[in-house]
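One line per chain: the protein sequences are A and B, in this order.
With the working numbering, the residue at position 56 of the first sequence is 45, and numbering never jumps.
With the working numbering, the residue at position 173 of the second sequence is 730, and numbering never jumps.
All C-beta atoms in this analysis are idealised placements derived from N, C-alpha and C, irrespective of residue type, glycine included.
All figures in this text were calculated on a predicted structure; none of them were measured in a lab.
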Amino acid sequence: MPILGVALLAACTLVGLFAGDLLGAALGLEANVGGVGIAMLLLIALTNLPGRRLGPETPAGSGVQFWSLMYIPIIVAMAAKQNVFAAVSGGVMAAVAGVAATLAAFALVPVLSRWAQRP
Amino acid sequence: MSERLVKFAGDNGLLVAFVFVGAIMVVAYWLSRHAARGKVHGSAIAIALGLLIAFWAGADTGGKNGVADYPLLAGIGVLGGNMFRDFAIVSTAFGVRMDDLRKAGLIGALSVPIGVILSFAVGAVVALAFGLTDPAEITTIGAGAATYIVGPVTGASLGVSSQIISLSIAAGLVKAVLVMVATPLVARRIGLDNPASAMVYGGLMGTTSGVTGGLAATDPRLVPYGAMTSTFYTGLGCLLGPSLIYLVIRSLL
Chain A
-10 MPILGVALLA ACTLVGLFAG DLLGAALGLE ANVGGVGIAM LLLIALTNLP GRRLGPETPA
50 GSGVQFWSLM YIPIIVAMAA KQNVFAAVSG GVMAAVAGVA ATLAAFALVP VLSRWAQRP
Chain B
558 MSERLVKFAG DNGLLVAFVF VGAIMVVAYW LSRHAARGKV HGSAIAIALG LLIAFWAGAD
618 TGGKNGVADY PLLAGIGVLG GNMFRDFAIV STAFGVRMDD LRKAGLIGAL SVPIGVILSF
678 AVGAVVALAF GLTDPAEITT IGAGAATYIV GPVTGASLGV SSQIISLSIA AGLVKAVLVM
738 VATPLVARRI GLDNPASAMV YGGLMGTTSG VTGGLAATDP RLVPYGAMTS TFYTGLGCLL
798 GPSLIYLVIR SLL
């Protein structure tokens, strides 16, 4: 049943987000710490349990698959609700800080990935 | 009549959002095929169109939520809100191979603190160059260069003025928008074509909306790897910003 996949996905997301929320609170922060990451690890672990593989071709798997196919449209909706006007009109210092931080991080990607590829 | 329509659209917000986003996707894929001759991916154009419409809507309504500030399109705020975003990001982990995660696990984890410190450092240098002298204000701009959530969280706990806080949010928004738009353009040059580099990229960039949007426009298969590391970034930034990084910046000045 596809709903089983959707329910599993929702349960993993909820557990992960709440764990991230608690982790943030434990550290005294008003921020969610790694909630989505925890949820993803949980989903990966549960769908790779030995003996009960949950492939995309199974009915339950198609429930999860559907939402991963809806990912890009959801990101487009997210883009359409960003405060782009504030980003563009935030002044020169904000623009320079944002652009410089982005370029510096882009530049470091190949450096760190080379480490990752080293055996 | 128009009042009825607005109320009707509001009651069925999510459905309106599906139609709206579907229409953007149709236009974007048409542009990709005909105007860009397939060189720019349709999803990259769709995200760029979304940002463009959000800019135009923000200028028109004066609100903070892009097109979602139009009552008729309020459903976009639900579909593009945190709940559906997180739900969809988690769903992309379906099909991730444990081996790929493990291979780049250490460097992926290390890239998060490196990315946080790098953004603070760059943002702080820019703030200094623009003549700020108060260490709390400099730290807040650096925090904004991390993400637009780290900025206000750090600024609030250091007690800086709301003007500096809004500057830090603007810096974070610039970063998020730029990461979304620029990632598909630079992906090949920075070797962003495998799970390991996607994890490093997510950890260094950190802005979840930027990373997930940028990877979606580059190669959707990389999304889970980048999302996995970037989701720890804002938390770490909020943890280090008002404490360790503020103390370091204060002692350096």
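For residue i, the nearest candidate out of the options (CA to CA)
{"i": "Tyr782(B)", "options": "Leu796(B), Leu793(B), Gly763(B), Thr791(B)", "result": "Gly763(B)"}
{"i": "Gly680(B)", "options": "Gly662(B), Thr618(B), Ala703(B), Phe641(B)", "result": "Ala703(B)"}
{"i": "Leu606(B)", "options": "Ser102(A), Ala83(A), Ile64(A), Leu3(A)", "result": "Ile64(A)"}
{"i": "Ser714(B)", "options": "Val757(B), Val573(B), Ala574(B), Tyr803(B)", "result": "Tyr803(B)"}
{"i": "Phe641(B)", "options": "Ile610(B), Ala574(B), Leu685(B)", "result": "Ala574(B)"}
{"i": "Gly699(B)", "options": "Ala90(A), Leu(-2)(A), Leu(-3)(A), Ala94(A)", "result": "Ala90(A)"}
{"i": "Lys660(B)", "options": "Leu809(B), Ala755(B), Ala784(B)", "result": "Ala755(B)"}
{"i": "Leu571(B)", "options": "Ile581(B), Met582(B), Leu636(B)", "result": "Leu636(B)"}
{"i": "Val25(A)", "options": "Gly9(A), Gly13(A), Leu35(A)", "result": "Gly9(A)"}
{"i": "Ala20(A)", "options": "Gly794(B), Leu663(B), Val624(B)", "result": "Gly794(B)"}
{"i": "Arg103(A)", "options": "Leu663(B), Val673(B), Ala678(B)", "result": "Leu663(B)"}
{"i": "Phe687(B)", "options": "Leu92(A), Ala93(A), Val85(A)", "result": "Val85(A)"}
{"i": "Ala727(B)", "options": "Ala93(A), Met59(A), Leu92(A), Gly80(A)", "result": "Gly80(A)"}
{"i": "Gly716(B)", "options": "Pro799(B), Pro777(B), Ala566(B), Met655(B)", "result": "Pro799(B)"}
{"i": "Gly13(A)", "options": "Ser808(B), Leu801(B), Gly792(B)", "result": "Gly792(B)"}
Test: residue i CB closer than 9 Å to a CB of chain B
{"i": "Ile61(A)", "result": "yes"}
{"i": "Phe7(A)", "result": "no"}
{"i": "Leu30(A)", "result": "yes"}
{"i": "Ile(-8)(A)", "result": "no"}
{"i": "Thr47(A)", "result": "no"}
{"i": "Pro39(A)", "result": "no"}
{"i": "Val11(A)", "result": "The question names Val, but residue 11(A) in the sequence shown is Leu. Answer no: the Cβ-Cβ gap between Leu11(A) and chain B never drops below 9 Å."}
{"i": "Ala(-4)(A)", "result": "no"}
{"i": "Ala14(A)", "result": "no"}
Assumed close pair residue i, residue j - CB separation to whole angstroms, cut-off 8 Å
{"i": "Ile33(A)", "j": "Ala650(B)", "result": "5 Å"}
{"i": "Ser725(B)", "j": "Thr697(B)", "result": "5 Å"}
{"i": "Ala69(A)", "j": "Ile633(B)", "result": "5 Å"}
{"i": "Pro99(A)", "j": "Pro48(A)", "result": "That belief does not hold up - the Cβ atoms of Pro99(A) and Pro48(A) are roughly 42 Å apart, past 8 Å."}
{"i": "Val669(B)", "j": "Tyr758(B)", "result": "Contact doesn't hold; Cβ gap of about 11 Å is too wide."}
{"i": "Met582(B)", "j": "Pro45(A)", "result": "At roughly 22 Å, the Cβ-Cβ gap does not stay under 8 Å, so Met582(B) and Pro45(A) are not in contact."}
{"i": "Gly23(A)", "j": "Thr788(B)", "result": "5 Å"}
{"i": "Phe95(A)", "j": "Val734(B)", "result": "14 Å between Cβ atoms; not a contact."}
{"i": "Ala784(B)", "j": "Ile646(B)", "result": "5 Å"}
{"i": "Val73(A)", "j": "Ala611(B)", "result": "4 Å"}
{"i": "Val563(B)", "j": "Pro628(B)", "result": "5 Å"}
{"i": "Leu(-3)(A)", "j": "Leu35(A)", "result": "7 Å"}
Cutoff 9 Å: residue i Cβ touching any chain A Cβ
{"i": "Ala693(B)", "result": "no"}
{"i": "Leu572(B)", "result": "no"}
{"i": "Arg811(B)", "result": "Within the shown structure, residues of chain B are numbered from 558 to 810, placing residue 811(B) beyond reach of any answer."}
{"i": "Phe565(B)", "result": "no"}
{"i": "Asp569(B)", "result": "Sequence check: residue 569(B) is Asn here, not Asp. Not closer than 9 Å to any Cβ of chain A, the Cβ of Asn569(B) fails to qualify, so no."}
{"i": "Tyr758(B)", "result": "yes"}
{"i": "Leu730(B)", "result": "yes"}
{"i": "Asp776(B)", "result": "no"}
{"i": "Pro781(B)", "result": "yes"}
{"i": "Ala703(B)", "result": "yes"}
{"i": "Ser718(B)", "result": "no"}
{"i": "Leu724(B)", "result": "yes"}
{"i": "Met558(B)", "result": "no"}
{"i": "Leu761(B)", "result": "yes"}
{"i": "Leu715(B)", "result": "no"}
Residue j beta carbon less than 9 Å from that of residue i
{"i": "Tyr586(B)", "j": "Ile604(B)", "result": "no"}
{"i": "Ile722(B)", "j": "Pro741(B)", "result": "no"}
{"i": "Gly638(B)", "j": "Ser57(A)", "result": "no"}
{"i": "Gly5(A)", "j": "Val53(A)", "result": "no"}
{"i": "Met67(A)", "j": "Ser766(B)", "result": "yes"}
{"i": "Ile695(B)", "j": "Leu797(B)", "result": "no"}
{"i": "Ile614(B)", "j": "Gly623(B)", "result": "The displayed chain sequence assigns Ala, not Ile, to residue 614(B). Cβ distance < 9 Å, so Ala614(B) and Gly623(B) count as in contact."}
{"i": "Ile706(B)", "j": "Leu761(B)", "result": "no"}
{"i": "Ala0(A)", "j": "Phe644(B)", "result": "no"}
{"i": "Ala93(A)", "j": "Gly701(B)", "result": "no"}
{"i": "Ser589(B)", "j": "Gly599(B)", "result": "yes"}
{"i": "Tyr60(A)", "j": "Val780(B)", "result": "yes"}
{"i": "Gly87(A)", "j": "Gly729(B)", "result": "yes"}
Proximity test, residue i beta-carbon vs the ligand HEM heavy atom, cut-off 8 Å
{"i": "Gly760(B)", "result": "Although the ligand HEM was asked about, the structure shown includes no ligands whatsoever."}
| Pairing CB atoms from the stretch 770 to 787 of chain B with CB atoms from the stretch 741 to 757 of chain B, are three or more of them under 8 Å? | The answer is yes - the stretch 741 to 757 of chain B touches the stretch 770 to 787 of chain B, with three or more Cβ pairs under 8 Å.
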